[in-house]
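Student:
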Amino acid sequence: MHSPRSEHFDILIIGAGLSGVGAGVHLGKHCPGKSYVILENRDAIGGTWDLFRYPGIRSDSDMFTLGYAFKPWTERKAIADGPSIWKYVNDTAREYGVDRHIRFKHKVTRASWDSQSQRWTIEAEHEEAPKRFTADFLLSCAGYYNYDSGYTPEFKGAESFKGRVVHPQHWPKDLDYAGKRVVVIGSGATAVTLVPAMADKARHVTMLQRSPTYMISMPAEDKLANGLRRFLPAQFAYDITRLMRTVLQQLFFHLARTRPAKTRERLLKLVEEQIGAEEVARHFTPRYNPWEQRLCLVPDNDMFLAIKAGKASVVTDTIEAFSEKGLKLASGAVLRADVIVTATGLALQMFGGVEIVVDGAKIESGDLTIYRGAMFTGVPNFFSVFGYTNASWTLKADLISEYACRVINYMDEYGLAQVTPGAPGEEALERSFVDFSSGYFQRVAHLLPKQTDTAPWKLNQNYGHDIMALRFGPVEDGVLRFAKRRDLFPPRAGEGRRALSSPLAVGASHSA
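Going by the working numbering, the final residue of the sequence shown carries number 1180, and the count climbs one at a time with no gaps.
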């Protein structure tokens, strides 16, 4: 059997979702002379917003920060439904010509770096035949979870249930829940979205949770943003709203971390105003502090309204076993159900499950240390997008794509072919990748890269700090190790070279 012929591109992007399309736009703007291709496992643009089709699918962040900085969100609703977000991503891809660079149904399985050629070789499965590509740079925009399967715990007696069991990640088109009793297992963003969305048609919807989650309500429409668009150019109005929303997000997170008791009191009080103190005490008072896990958004109080109307309810208990007609709980109670939705989370994975190899050695993601939230120590010419956990994903995704363009342009300016982040010193204190107690992170903590307590190996959850570091900070910082073509033993970065500090262009002098 003949090996597939390879195609070469300057940059190869994995994934055509929100991050991948954004990366394509940034490359077109800031690296216009570079060739690039986007390999997408599925047959459509959109990533998460094409995959998830469950009732009520929507953003849990406002679209002024979840949207791209370069493309204004002009719909009236700031908390947008899934189809509207899907359209926004697809419109962006067409408007900026990114769609012409996408190869669909290309599942990347392996990416191997060779220091002799200073290139990546990327292998992908395709329905016609295996495909092979080479690239100078690799940018992973594959998200952080397994698209093929969600996470479902092993429930005792699950096979005995006579109704339907569905996972939100693969919602069946033929599911008819009208007039039926629905139990949604979980208390995260997906469950909080599903409950009010299904309540109008279902006989009753019960959200079964092991423990409560912090919830916060906000209007689905932003009256200020809609008003600004009436008097200002769309981009200017969008920039103002985006800045305001970002600052408010960061201030709220800071308040939650510095004054957790006060923040907790205020959050619970707001929910109490909607459904009463008794309900809050029983089902809406978490055991942890705010922002130790992500807050759940309740737009226009939709879930609280469903509860007050008697269309939905919350039960806090654990599952002992499935039965023919529903669920047996540890308390002895029985929940009758015709449909059970397991909104039990995502199966996290790094780099879209792609096997990463450097000079013949397989790289284990759990052994890596992140650099500037964008690269990894010891892995050359590789960037990876991982968004914020305390703010909108795209804020960080945009910055990482900008930073990748800065590094690539810098290397072109000085005839460099390889860049590898150096490792932190032994005195650096190693920390977990994400400072979150959510179960879906804790389950795979050993598989996630590490960070340290010092820059640039610290994963900041601060947009302002990241702007200064990624957009305006020097490319050469004494940590990145650069090599010219076939120069395999370079000096440490910063030796005899002046740091670059302009946002995207490269104009600093350089001595060999």
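Don't be surprised by glycine CBs; every beta carbon is placed ideally from N, CA and C. As the structure is a computational prediction, the values presented were derived from the model and not from experiment.
(1) Please go through the same chain and pick out, in chain order, the residues whose beta-carbon is closer than 6 angstroms to the beta-carbon of residue 882, but skip the five residues on each side of it.
(2) Which two residues bound the contiguous beta strand (DSSP E) that contains residue 775?
(3) Report yes if the CB atom of residue 791 is closer than 8 angstroms to the CB atom of residue 777, and no otherwise.
(4) Per DSSP, residue 964 is paired with what?
(5) Measuring straight from C-alpha to C-alpha, what distance separates residue 1100 and residue 972?
(6) Only counting runs of 4 or more residues, tell me where the alpha helix (DSSP H) segments fall wholly within the region 966 to 1048, in order along the chain.
(7) Between which two residues does the alpha helix (DSSP H) holding residue 903 run?
(8) Could you pull out every unbroken alpha helix (DSSP H) segment of at least 4 residues lying fully inside the region 795 to 868, listed in chain order?
(9) Where residue 1030 and residue 942 are concerned, what is the direct C-alpha to C-alpha distance, given to the nearest angstrom?
(10) Just the Cα atoms here: how many angstroms apart are residue 630 and residue 1001?
(11) Report the three-state DSSP secondary structure of residue 1089 (helix, strand or coil).
(12) Between the region 862 to 873 and the region 715 to 723, do at least 3 Cβ pairs fall closer than 8 angstroms?
(13) In chain order, what are the residue ranges of uninterrupted beta strand (DSSP E) at least 3 long that sit wholly in the region 1097 to 1155?
(14) Please report the distance separating the alpha-carbon of residue 1158 from that of residue 755.
(15) I need the boundaries of the beta strand (DSSP E) containing residue 1051, first residue and last residue.
(16) Checking 8 angstroms against the spacing of the C-beta atoms, do residue 836 and residue 855 come in under that value?
(17) Give the C-beta separation of residue 786 and residue 1017 to the nearest angstrom, bearing in mind that I take them to be a contact with Cβ-Cβ under 8 angstroms.
(18) Which residue marks the beginning of the alpha helix (DSSP H) containing residue 899, and which one marks its end?
(19) Note down the Cα distance separating residue 857 from residue 1011, rounded to an integer number of angstroms.
(20) Can you tell me whether residue 946 is buried or exposed? The criterion is at least 16 other CB atoms within 10 Å of its CB, across all chains shown.
(21) Give every residue of the same chain whose Cβ lies closer than 7 angstroms to the Cβ of residue 1199, excluding the five residues on either side of it in the sequence, and list them in chain order.
(22) On the three-state DSSP scale, how would you describe residue 739?
(23) Taking 8 angstroms as the limit between beta carbons, can you name the residues of its chain near residue 773, skipping five residues before and five after?
(24) Output needed for residue 752: all residues of its chain with C-beta closer than 7 angstroms, excluding positions within five of it in sequence on either side, in chain order.
(25) Between 715, 843 and 979, which has its C-alpha nearest residue 832's C-alpha?
(26) Based on DSSP bridge pairs, tell me the residues matched to residue 749.
(27) Below 8 angstroms on the Cβ atoms is my contact criterion, and I expect residue 992 with residue 823 to pass it. Report the Cβ-Cβ distance as a whole number of Å.
(28) Over what stretch of residues does the alpha helix (DSSP H) that includes residue 717 continue unbroken?
(29) Rounded C-beta distance between residue 850 and residue 1005? I'm assuming under 8 angstroms.
(30) If we call anything under 8 angstroms between Cβ atoms a contact, is residue 687 one with residue 1060?
(31) With burial defined as no fewer than 16 other Cβ atoms inside 10 Å of the residue's Cβ, what is the status of residue 899: buried or exposed?
(32) At least one CB of chain B closer than 8 angstroms to the CB of residue 988: is that the case?
(33) Count the other C-beta atoms from every protein chain shown that fall within 10 angstroms of the C-beta of residue 951, then say buried if there are 16 or more, exposed otherwise.
(34) Taking Cβ positions, are residue 1003 and residue 994 nearer each other than 8 angstroms?
(35) Looking only at its chain, what residues have a beta carbon closer than 7 angstroms to the beta carbon of residue 1114, apart from the 5 residues adjacent to it on each side?
Tutor: So, from the data block:
(1) The residue given as residue 882 occupies position 214 in the sequence shown. The residues are 935, 954, 958 and 963.
(2) As a first step, residue 775 must be located in the sequence shown, where it is residue number 107. Taken as a continuous stretch (DSSP letters only), the beta strand (DSSP E) holding residue 775 covers 775 to 782.
(3) As a position in the sequence shown, residue 791 is number 123, starting the count at 1. As a position in the sequence shown, residue 777 is number 109, starting the count at 1. Contact flag set, yes.
(4) Taking the sequence shown and counting its residues from 1, the one referred to as residue 964 is at position 296. Bridge partners of residue 964: 883.
(5) Here residue 1100 refers to the residue found at position 432 when the sequence shown is read from its first residue. Here residue 972 refers to the residue found at position 304 when the sequence shown is read from its first residue. Rounded to the nearest angstrom, the two C-alpha atoms are 35 angstroms apart.
(6) 970 to 976
(7) Within the sequence shown, residue 903 is the residue found at index 235, counting from 1. 902 to 926 is the extent of the alpha helix (DSSP H) around residue 903.
(8) 857 to 867
(9) For this step, residue 1030 is matched to residue 362 along the sequence shown. For this step, residue 942 is matched to residue 274 along the sequence shown. The straight-line gap from Cα to Cα measures roughly 53 angstroms.
(10) In the structure as shown, the chain begins at 669 and stops at 1180. Residue 630 is therefore absent and cannot be evaluated.
(11) As a first step, residue 1089 must be located in the sequence shown, where it is residue number 421. DSSP places residue 1089 in strand when its eight states are reduced to three.
(12) yes
(13) 1148 to 1152
(14) Here residue 1158 refers to the residue found at position 490 of the sequence shown. Here residue 755 refers to the residue found at position 87 of the sequence shown. Below a pLDDT of 50, predicted positions are generally treated as unreliable, and residue 1158, at 46, falls in that range; no measurement from the model is reported.
(15) Translated into positions along the sequence shown, residue 1051 becomes position 383. Element bounds for residue 1051: 1050 to 1052.
(16) Residue mapping note: residue 836 aligns to position 168 of the sequence shown, counting from 1. Residue mapping note: residue 855 aligns to position 187 of the sequence shown, counting from 1. No.
(17) Within the sequence shown, numbered from 1, the residue matching residue 786 stands at position 118. Within the sequence shown, numbered from 1, the residue matching residue 1017 stands at position 349. The Cβ separation is near 28 angstroms, so there is no contact.
(18) One-based indexing of the sequence shown puts residue 899 at position 231. 891 to 899 is the extent of the alpha helix (DSSP H) around residue 899.
(19) Translated into the one-based positions of the sequence shown, residue 857 becomes position 189. Translated into the one-based positions of the sequence shown, residue 1011 becomes position 343. Rounded to the nearest angstrom, the two C-alpha atoms are 9 angstroms apart.
(20) Counting from one through the sequence shown, the residue named residue 946 turns up at place 278. Looking at its Cβ environment, which holds fewer than 16 other Cβ atoms inside 10 Å, residue 946 is exposed.
(21) The structure shown has nothing for residue 1199, since the chain only spans 669 to 1180.
(22) The residue labelled residue 739 in the question sits at position 71 within the sequence shown. Looking at residue 739 - three-state DSSP - the assignment turns out to be coil, as it is neither helix nor strand.
(23) Within the sequence shown, numbered from 1, the residue matching residue 773 stands at position 105. The residues are 708, 709, 710, 711, 794 and 795.
(24) In the sequence shown, the residue the question calls residue 752 occupies position 84. Within the same chain, residue 752 has close Cβ partners 743.
(25) Translated into positions along the sequence shown, residue 832 becomes position 164. Looking at the Cα atoms, 843 is the closest of the given residues.
(26) For the purposes of this step, residue 749 is identified with residue 81 of the sequence shown, where counting begins at 1. Answer is 726.
(27) Within the sequence shown, the letter at position 324 stands for residue 992. Within the sequence shown, the letter at position 155 stands for residue 823. Not confirmed; about 14 angstroms, so no contact.
(28) On the sequence shown, position 49 is the one that residue 717 refers to. 716 to 719 is the extent of the alpha helix (DSSP H) around residue 717.
(29) Translated into the one-based positions of the sequence shown, residue 850 becomes position 182. Translated into the one-based positions of the sequence shown, residue 1005 becomes position 337. Indeed, because the Cβ distance is near 7 angstroms, the residues count as touching under 8 angstroms.
(30) One-based indexing of the sequence shown puts residue 687 at position 19. One-based indexing of the sequence shown puts residue 1060 at position 392. The answer is no: Cβ separation not under 8 angstroms.
(31) Mapped onto the sequence shown, residue 899 falls at position 231. Its Cβ having fewer than 16 others within 10 Å, residue 899 is exposed.
(32) No chain B appears in the structure shown, which is made up of a single protein chain.
(33) Locating residue 951 in the sequence shown gives position 283, where the first residue counts as 1. Answer is buried; the Cβ neighbour count reaches 16.
(34) Taking the sequence shown and counting its residues from 1, one reaches residue 1003 at position 335. Taking the sequence shown and counting its residues from 1, one reaches residue 994 at position 326. For residue 1003 and residue 994, yes; Cβs fall inside 8 angstroms.
(35) The count along the sequence shown starts at 1 and reaches residue 1114 at position 446. For residue 1114, where only same-chain residues beyond five positions count, the Cβ hits under 7 angstroms are 1034.
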